[in-house]
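Structure, as structure tokens:
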Amino acid sequence: MGFDEMHHFMQGFLQRFSGVIIRHPWRVILCSLIPCLFLAGFILVTPLQLSFMALVDRSEPLVNRYMVVSERVQLGSQLMLLLEGESESDLDETMVVLHEELEKMEEVSYVVSTPPTEWFEKNLAWITTEEDFETLLSLPNKVSDTTALKRLQERWQKQIDGSATSQKGARLVLVGLSSDPLSISMNDVLSGNSPYEIVERRTQEILQGQESKGDFTGFAAIGAQDQKRTLLSIRSLTPLSLLAVLLILRFVEPRFFRLVTIAFPMLLALVACLGLTGLLLGSLNFIEGFFGMMVFGLGVDFGLHLLVRMREEQSRTEDFETALTTTLSGAGPAIIAGAVTTAGAFAIIGLAPDPTAKHLGTSGSLGLLFCLILMLTLLPAVWVLMEKNRSQEKSTVLNIRGLSTLSESAARHPKRWLMGSALIALVSMLGMPRYHFETDLQKVFNRDVPAVAVSEKIKEIFGANTTPWVVSTTTLEQAQSAHRAFEESPEFSRVFGITSVFPVDLQQRHAHLRSRADIFAQQRKKLQILSVGPVYLSLPAQQILSIVRNFEEAIAQGPPKIHTLPAGLRNQLIGADGMFLTFAYGHQASLDAKQMKRERLAAEALHPSAAGMGNFIEVAMNGQRSWMLSVIMGIALFVALVLLVDLRRLRWIILALTPVTFGVVVTFGAMCWLNVGFSMLLLLSVPLLLGLGVDDGLHVVHRMIEEPDLPAHRATISVTRAITMTTLTTCASFGVLMFSNHPGMESMALTLLFGLPVCLFASATLVPALAVWMGLRRPPA
Numbered sequence: 002m003g004f005d006e007m008h009h010f011m012q013g014f015l016q017r018f019s020g021v022i023i024r025h026p027w028r029v030i031l032c033s034l035i036p037c038l039f040l041a042g043f044i045l046v047t048p049l050q051l052s053f054m055a056l057v058d059r060s061e062p063l064v065n066r067y068m069v070v071s072e073r074v075q076l077g078s079q080l081m082l083l084l085e086g087e088s089e090s091d092l093d094e095t096m097v098v099l100h101e102e103l104e105k106m107e108e109v110s111y112v113v114s115t116p117p118t119e120w121f122e123k124n125l126a127w128i129t130t131e132e133d134f135e136t137l138l139s140l141p142n143k144v145s146d147t148t149a150l151k152r153l154q155e156r157w158q159k160q161i162d163g164s165a166t167s168q169k170g171a172r173l174v175l176v177g178l179s180s181d182p183l184s185i186s187m188n189d190v191l192s193g194n195s196p197y198e199i200v201e202r203r204t205q206e207i208l209q210g211q212e213s214k215g216d217f218t219g220f221a222a223i224g225a226q227d228q229k230r231t232l233l234s235i236r237s238l239t240p241l242s243l244l245a246v247l248l249i250l251r252f253v254e255p256r257f258f259r260l261v262t263i264a265f266p267m268l269l270a271l272v273a274c275l276g277l278t279g280l281l282l283g284s285l286n287f288i289e290g291f292f293g294m295m296v297f298g299l300g301v302d303f304g305l306h307l308l309v310r311m312r313e314e315q316s317r318t319e320d321f322e323t324a325l326t327t328t329l330s331g332a333g334p335a336i337i338a339g340a341v342t343t344a345g346a347f348a349i350i351g352l353a354p355d356p357t358a359k360h361l362g363t364s365g366s367l368g369l370l371f372c373l374i375l376m377l378t379l380l381p382a383v384w385v386l387m388e389k390n391r392s393q394e395k396s397t398v399l400n401i402r403g404l405s406t407l408s409e410s411a412a413r414h415p416k417r418w419l420m421g422s423a424l425i426a427l428v429s430m431l432g433m434p435r436y437h438f439e440t441d442l443q444k445v446f447n448r449d450v451p452a453v454a455v456s457e458k459i460k461e462i463f464g465a466n467t468t469p470w471v472v473s474t475t476t477l478e479q480a481q482s483a484h485r486a487f488e489e490s491p492e493f494s495r496v497f498g499i500t501s502v503f504p505v506d507l508q509q510r511h512a513h514l515r516s517r518a519d520i521f522a523q524q525r526k527k528l529q530i531l532s533v534g535p536v537y538l539s540l541p542a543q544q545i546l547s548i549v550r551n552f553e554e555a556i557a558q559g560p561p562k563i564h565t566l567p568a569g570l571r572n573q574l575i576g577a578d579g580m581f582l583t584f585a586y587g588h589q590a591s592l593d594a595k596q597m598k599r600e601r602l603a604a605e606a607l608h609p610s611a612a613g614m615g616n617f618i619e620v621a622m623n624g625q626r627s628w629m630l631s632v633i634m635g636i637a638l639f640v641a642l643v644l645l646v647d648l649r650r651l652r653w654i655i656l657a658l659t660p661v662t663f664g665v666v667v668t669f670g671a672m673c674w675l676n677v678g679f680s681m682l683l684l685l686s687v688p689l690l691l692g693l694g695v696d697d698g699l700h701v702v703h704r705m706i707e708e709p710d711l712p713a714h715r716a717t718i719s720v721t722r723a724i725t726m727t728t729l730t731t732c733a734s735f736g737v738l739m740f741s742n743h744p745g746m747e748s749m750a751l752t753l754l755f756g757l758p759v760c761l762f763a764s765a766t767l768v769p770a771l772a773v774w775m776g777l778r779r780p781p782a
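Quick note: to get our numbering, add 1 to the position in the sequence shown (first position is 1).
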């Protein structure tokens with residue numbers, strides 16, 4: 002079937018269908034409502050996974066390794082509380098109060114604060130390095146040499162303080178939440194009932210009665226703060242988005258009830274889409290909620306094209322039925338072709354392995370298809386009912402000031418416009434070498450995340466950060482080997498783990514102690530005599546005597562058992578599965594995926610089990626790039642296929658692709674000139690830009706084909722009135738994201754705010770200019 006035959010077939014079908022709508026509006030309404038309400042019913046039986054972790058791709062190897070480590074170590078639920086104050090005694094008192102109060106909370110699984118000093122002193126024989134141990138063994142023979150004893154005491158104190166990360170004027174408290182903040186339902190996050198917020202509020206209440214101040218950080222705190230602020234922003238901006246769209250629609254249709262007739266199909270499409278998406282994917286998450294914002298900006302486009310065309314037809318004739326038939330048969334083919342391209346683009350995204358892309362693509366494609374069907378059935382049927390028993394009013398054509406002047410000028414001087422546009426495109430392309438992909442998570446999530454600054458301060462004070470690499474080993478010897486390897490690596494600034502407490506082989510140490518049992522007995526007798534002698538000998542003798550007695554007790558009791566470790570140490574150093582843990586910290590408190598990848602490769606080279614939050618960050622910022630390019634290429638091929646099937650002729654296809662080609666080149670060139678870092682959110686706007694840009698070109702081309710005798714600029718003006726309004730509504734729908742305080746969402750909004758008007762400009766000027774230049778239309782008389 003050739004193009005002309007297909008076009009006439011589609012027009013004939015829509016003419017016959019409009020006759021059915023006019024004769025049987027109630028049947029059409031019922032046939033539209035019943036399937037949608039039936040599908041909407043599946044929402045009631047579909048599991049809701051309203052947490053961020055529902056979007057995590059657990060099949061990705063790096064993410065899976067992080068999830069395994071997180072479950073073992075509870076990395077995702079561990080908070081770091083930085084306490085600061087001028088008085089050391091006040092800080093210590095605050096730590097004790099916080100420890101006691103937080104441990105009482107059901108939202109807290111453990112608290113690590115004050116160092117287990119008594120335990121360290123009791124287990125001196127096991128926590129001492131080989132060098133210090135040899136010094137200890139020589140002390141009974143050097144009672145008068147207090148320098149060595151003093152030096153050892155300073156080193157022990159440093160070891161004790163190091164386990165509790167205590168510094169002058171600052172303390173670090175570890176708080177384990179009972180659940181990962183990113184696994185909490187969005188409803189609890191928005192209501193302020195998440196475990197993190199409950200613990201954070203209680204902590205600040207406790208600190209109000211203390212001299213010290215404290216703030217939380219850790220990836221759990223960063224994620225919780227970003228999640229809360231972003232969700233609150235979206236919740237407040239979504240009604241503004243709908244209001245902005247409705248205000249713009251008032252320019253097209255001042256009658257309130259007719260505006261309601263457009264809103265109703267969109268809402269019905271939304272619930273039907275959610276029901277079918279849940280049926281296909283087995284669950285719903287908050288990504289489907291994001292479609293609620295998109296449907297107001299995209300689904301309304303179909304209704305707008307019908308409204309504008311209806312006004313135009315009613316300005317020509319007072320017969321409503323004739324106007325409706327001409328509207329559906331005239332605008333319908335282009336609406337269908339444009340909807341298929343945009344819905345198809347989303348469907349291709351839905352084929353990606355990433356859960357976020359899968360849910361966004363599936364809900365987006367289904368939602369747009371439902372909008373298309375309802376706008377071509379339910380909407381005109383309701384119009385038929387509204388027009389019955391009403392006096393017919395003469396409508397006026399929607400006038401967009403300056404639009405006709407631009408289009409006519411482009412048709413009169415096609416070479417000037419085409420050369421000027423080519424120059425703009427060339428300048429835009431010159432900025433593309435400045436392209437860079439944003440890999441720093443901190444530059445993509447919400448700006449209002451105080452935990453990031455706290456993290457940097459902790460790195461400065463303690464040398465720790467929120468993204469340690471964790472090594473799990475089955476034996477202490479393996480842990481000691483890994484510990485030494487990380488300490489020798491230049492990639493890591495600090496290593497802490499079971500080896501920090503037990504630096505030697507405990508069985509060998511026990512054997513060494515037993516071999517000296519007789520010597521210890523002799524030394525004990527000698528020291529007992531010296532301890533009652535002259536003052537300059539008695540004091541050090543008493544201290545050394547306690548060490549010897551400590552060794553003798555160690556011989557009798559043997560190495561400490563893991564289950565006897567203080568709870569604070571056990572939670573830090575032993576995993577939930579009983580494996581020994583070693584933590585390695587990089588030099589920077591960074592959330593940059595590039596830095597995370599360098600550290601990961603270095604960590605994996607030292608020990609194959611190394612994993613951490615960096616795995617998650619690396620995948621979140623870089624992982625999707627591997628499939629995103631293939632998705633974009635797939636969308637481009639799909640668009641080309643739709644145009645080939647729809648238009649058949651190369652010159653018409655070139656005309657239809659002109660707005661989107663010019664729009665994409667200029668938009669992304671401008672983004673590069675503005676030094677905007679490309680991110681996954683920005684790239685997700687590509688399907689929108691492609692779909693809507695092609696939609697603009699298709700409408701102009703279809704109008705030219707529909708009326709061959711209509712001059713290029715007049716055909717363009719007729720359609721771009723509606724395109725102007727659809728551009729405004731989509732920009733209004735997504736433009737509110739510019740106030741989200743979220744760089745990722747802002748970049749997405751900026752892309753559409755810039756790209757869609759460029760596509761509109763190209764549709765109004767370049768399409769008629771190119772049509773005249775290629776000989777498809779004559780210049781204006």
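Quick reminder that beta carbons are idealized off the backbone N, C-alpha and C, glycines included.
- The three-state secondary structure of Lys527, taken from DSSP, is helix.
- In the DSSP annotation of this structure, Thr118 is not part of any beta strand (DSSP E); the continuous alpha helix (DSSP H) holding it starts and ends at Thr118 to Lys123.
- A residue is called buried once 16 or more other Cβ atoms fall within 10 Å of its Cβ, and Trp127 is buried on that count.
- Within the region 271-353, no complete beta strand (DSSP E) segment of 3 residues or longer occurs.
- A straight line joining the alpha-carbon of Leu137 with that of Pro541 spans about 13 angstroms.
- As a beta-bridge residue in DSSP terms, Phe497 pairs with Phe584.
- DSSP places Phe217 inside the beta strand (DSSP E), whose first and last residues are Lys214 to Thr218.
- Per the DSSP secondary-structure output, Tyr436 pairs with nothing in a beta bridge.
- Between Gln228 and the set Thr565, Phe446 and Thr730, the nearest pair of CA atoms involves Phe446.
- In the structure shown, Leu675 falls within a coil segment according to DSSP collapsed to helix, strand and coil.
- Ser179 and Ile563 have their C-alpha atoms some 23 angstroms from each other.
- In this chain, the alpha helix (DSSP H) harbouring Val455 covers Pro451 to Phe463.
- Under a 10 Å Cβ-count criterion, Arg59 is classified as exposed, with fewer than 16 other Cβ atoms of the shown protein chains found around its own Cβ.
- For Ala604, the enclosing alpha helix (DSSP H) begins and ends at Ala594 to Leu607.
- Val246 is the residue among Val246, Leu153, Val677 and Thr328 whose C-alpha sits nearest the C-alpha of Val261.
- About 5 angstroms separates the CB atoms of Ile44 and Leu275; that is less than 8 angstroms, so the two are in contact.
- Distance between Gln543 and Val533, taken at the CA atoms: about 9 angstroms.
- The beta carbon of Lys460 lies closer than 6 angstroms to those of Asn466 and Ala590 in the same chain, with the five residues before and after it left out.
- Taking the CA atoms as reference points, His700 sits about 16 angstroms from Leu377.
- Annotation: the continuous alpha helix (DSSP H) that includes Gly615 extends over Met614 to Glu619.
- Shortest Cα-Cα distance from Ala41 to any of Leu277, Ala765 and Thr717 involves Leu277.
- Three or more beta-carbon pairs drawn from the region 337-351 and the region 681-691 are found closer than 8 angstroms, and the two stretches are therefore classed as touching.
- The secondary-structure analysis by DSSP pairs Ala713 with nothing; it has no beta-bridge partner.
- Annotated as proximal: Gln16 and Thr326, with beta-carbon spacing under 8 angstroms.
- The C-beta separation of Arg172 from Gly576 comes to about 25 angstroms, leaving the pair out of contact by the 8 angstroms criterion.
- Beta-bridge analysis with DSSP links Met81 to Leu175 and Thr218.
- Its Cα nearest to that of Gly331, the residue Val720 stands out among Val720, Gly736, Ala772 and Met749.
- For Leu367, the three-state secondary structure derived from DSSP is helix.
- Annotation for Val768: the continuous alpha helix (DSSP H) segment containing it runs Pro744 to Trp774.
- Bridge pairing for Val109: Leu178 [DSSP].
- For Thr47, the closest alpha carbon among the candidates Asn286, Leu761 and Arg312 is that of Asn286.
- From the listed residues Phe493, Arg779, Ala423 and Ala568, the smallest Cα separation to Pro117 is found for Ala568.
- For Ser408, the enclosing alpha helix (DSSP H) starts and ends at Leu404 to Arg413.
- Short of 7 angstroms from the beta carbon of Ser195, and not among the five residues preceding or following it, lie these beta carbons of its own chain, in chain order: Pro182, Ile185, Asp189 and Ala225.
- Excluding five sequence positions before and after Phe371, the CB atoms of its chain that fall closer than 6 angstroms to its own CB belong to Ala270, Ala273 and Cys274, given in chain order.
- Here Phe217 is not near Leu76, since their CB atoms are 8 angstroms or more apart.
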